[in-house]
Every structure is written in structure tokens, then in C-alpha cells.
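Position one of the sequence shown corresponds to residue 8 (my numbering), numbered consecutively onward.
Think of the CB as a built atom: it goes at the ideal place given N, C-alpha and C, for glycine as much as any other residue.
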Amino acid sequence: MEKIAIVGAGLIGCAWAAVFARAGHPVALFDISPAALASATDMITATLTELHRGGLITEQPDAVLARVSTTASLAEAVQGAVLVQENVRETEEAKKEIFAELDRLAAPGTILASSTSGIPASTFTADLPGRARCLVGHPINPPSLIPLVEVVPAPWTEPAIVDKAQALYHGAGQVPIRVNREIQGFIVNRLQGAMLSEAFRLVEDGYISSADVDKAVKDGLGLRWAFMGPFETIDLNAPGGIRDYCGRYGPLYLDIAKQAQPRAWGTPLLDKLEAERQQELPVDARPARLRWRDQRLMKLVAHKRQLTEQEK
Numbered sequence: 008m009e010k011i012a013i014v015g016a017g018l019i020g021c022a023w024a025a026v027f028a029r030a031g032h033p034v035a036l037f038d039i040s041p042a043a044l045a046s047a048t049d050m051i052t053a054t055l056t057e058l059h060r061g062g063l064i065t066e067q068p069d070a071v072l073a074r075v076s077t078t079a080s081l082a083e084a085v086q087g088a089v090l091v092q093e094n095v096r097e098t099e100e101a102k103k104e105i106f107a108e109l110d111r112l113a114a115p116g117t118i119l120a121s122s123t124s125g126i127p128a129s130t131f132t133a134d135l136p137g138r139a140r141c142l143v144g145h146p147i148n149p150p151s152l153i154p155l156v157e158v159v160p161a162p163w164t165e166p167a168i169v170d171k172a173q174a175l176y177h178g179a180g181q182v183p184i185r186v187n188r189e190i191q192g193f194i195v196n197r198l199q200g201a202m203l204s205e206a207f208r209l210v211e212d213g214y215i216s217s218a219d220v221d222k223a224v225k226d227g228l229g230l231r232w233a234f235m236g237p238f239e240t241i242d243l244n245a246p247g248g249i250r251d252y253c254g255r256y257g258p259l260y261l262d263i264a265k266q267a268q269p270r271a272w273g274t275p276l277l278d279k280l281e282a283e284r285q286q287e288l289p290v291d292a293r294p295a296r297l298r299w300r301d302q303r304l305m306k307l308v309a310h311k312r313q314l315t316e317q318e319k
């Protein structure tokens, strides 16, 4: 299996290390911080242990962890790597600095991918000699549980590089989607943002509480969305398919869209939402709820895998 280099040993970097190591890749994990490197092994071990307990990996965690090495040398990390997955600070300046180093140190054929959640690759790779091998590979947190990866090329990224990156992510058990050209926020954040805007507006205007908005999604829309997307959903929700659905409900959605003027999320609304959320989930209960979330995600992923195997 080809070597993968991970730059940045925070939560996302360690999750990526687990993703590629469980797929059989040797992984070199780099961080400039000795403390981050020192804690990385424990973090990855905890992730692998939970994945093994949840039935998402069959190998023993120690066997998977043996494929991960840590290093304080960026040159050593990228040497021989087919893909470098960058996870440094979410600023344009930080991305420019690390990508200049990566472009200088990595072999010409090495793919340089950023985990950035919203900064287009064109803003930090424009002046690089090897900019044609640079792109965004944006995971959904946590990538060790949620497989989607948004593959977003810069205008100058070679199509063959995009193809190879997609193949590597797919081979590691992830689900890559190809974004044809750069757009602010990429795809998932824009979809999530559209729902958040409407959710905030409905609560601010007094139509519903935040708790009931959450129920509308988790006990309504989200049940379908766990195994099909919006286009397949509406295609199946009208006798004549997607065109029939749009003929029936298109005018309604157009009227709703016309009413949806953009709004800032102001302090009074945030005060209200914070109070409602803390009533639902006290601050000191958040760590336990995060663990509950990950356990639920593992069970859902395992269930979907089982169904996929049965349907083959």
C-alpha cells in the first residue's frame, strides 16, 4: 500500500491517520508541536478502539496503529508519500506557508490536499511551481465515522490529479464527491447553511422552538436523508418522478424562497438559542453527548454497510 503523509496532529489529522491506516496504508504523521505528536498516539488508539468495538474494523487496534509513525520532520513525513493531507490552522496565511513547504519538499507526483472547510485552493496555491497537483480534500467531521470527502480542484489542478485523489479516498473507504469548480463553502456547508438560515429564521420569528426544529429533522427529513439525497427523495415522492414533483410543488418552493431574505444571526436570537440549547443539554453534559453522538454514528454506519452488502 502507498504511503500517506498527514500534516497536523489535531483531531482531524488523527482521524485521517486512522482512516488511511485502517485501509492498510503506512501513514506518517507530522506536527510542529511535540505535545501534539505526543498525544496523537493515544488519540488514534482511542478512535481505533471505538471503531473496533463498534464493528467498523476487524483488525485489532494495535495492528492498525503499527502502520502509523510520527515525526517532527516535514521532509521525512512527505518522503515517498503518494498523498499529503494537510490539517493546519484555518487561515489563508497558514495554508500558503505550509503549501509552499510541501511543494518544495514533496516529490513532483505527490498529491497535496488540504482539509480546509472553506478556503479555496486557488487562494493559497496560485504562486506554487507545482500548483497543478494541489486541491482540497474536505472531510466531514469526524472523517473516521462520516465517509464523505469533498474533492475541490483549483482552476489549474490537473484532472488526472483529481481522479487519483478520488481513487485514493475511495480505496480508503471514504465517499469522495467531485466539485467541478471552486465555490465558497464548497457543497456540504452550503447545503447545511441553507437549512440553518431557514431554521434560525423560523425560531426568530416565533414559529417554532429550536428543540422542535431539531425533531423535524432527526425524526422527519433526516430519516430519509440517512440513505438517500434530496433529488432521489423527491423523485420517489411523486407518482411521475422528479418532473411530476416539481410541477406539483415547484411554485410553493419558489414562494418560500422569495420570502427568505438573508439575515445576520444577531445577539438576541443567539441568547434565545443558547438558553434553549442549555435547557436541552447543560454545558457539563456536552462531553457525554458527544460520545453518544459518535456511538450512534458508528451504529448507523455499520447498519448501512450491512444493508449495502445484503443488496449486492
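- Nearest in C-alpha terms to A233, of all of D242, I241 and K311, is K311.
- Below 8 Å, enough C-beta pairs join the region 71-78 and the region 42-59 to call them touching: three or more.
- Where P166 is concerned, the enclosing alpha helix (DSSP H) starts and stops at P166 to G178.
- The alpha-carbon separation between Q313 and A133 amounts to approximately 44 Å.
- Bridge pairing for P146: V156 [DSSP].
- Beta-bridge analysis with DSSP links I64 to no other residue.
- Taking 8 Å as the upper bound for CB-CB distance, P115 and G137 are in contact here, some 6 Å apart.
- In this structure, the alpha-carbon of P41 lies about 21 Å from that of P33.
- Per DSSP, reduced to three states, the secondary structure at T315 is helical.
- T52 is bridged by DSSP to nothing; it lacks a bridge partner.
- Along the region 258-296, the alpha helix (DSSP H) occurs as fully enclosed runs of 4 or more residues at 274-287, listed in sequence order.
- Selection G15, V169, V89 and W163 evaluated against A101 yields G15 as nearest (Cα-Cα).
- One Cα belongs to L119, the other to L109, and the distance between them is close to 7 Å.
- Counting only unbroken stretches of 3 or more residues, the beta strand (DSSP E) elements lying wholly within the region 57-109 are 75-78 and 88-93, in sequence order.
- Residue state for V34 is assigned as strand, using DSSP reduced to three classes.
- For D278, the number of other beta carbons within 10 angstroms of its own is below 16, and it is reported as exposed.
- Per the coordinates, the alpha-carbon of G248 lies some 45 Å from the alpha-carbon of A292.
- By alpha-carbon distance to N94, the top candidate from G125, L135 and Q86 is G125.
- Annotated three-state conformation of A133 is coil, per DSSP.
- Taken through DSSP and simplified to helix, strand or coil, I249 comes out as helix.
- Taken atom to atom, the span from the alpha-carbon of P149 to that of K103 is near 25 Å.
- Within the same chain, and ignoring the five residues on either side of V89 in sequence, the residues whose Cβ sits closer than 6 Å to its Cβ are E9.
- Secondary structure note for V26: its alpha helix (DSSP H) is the uninterrupted segment L18 to R29.
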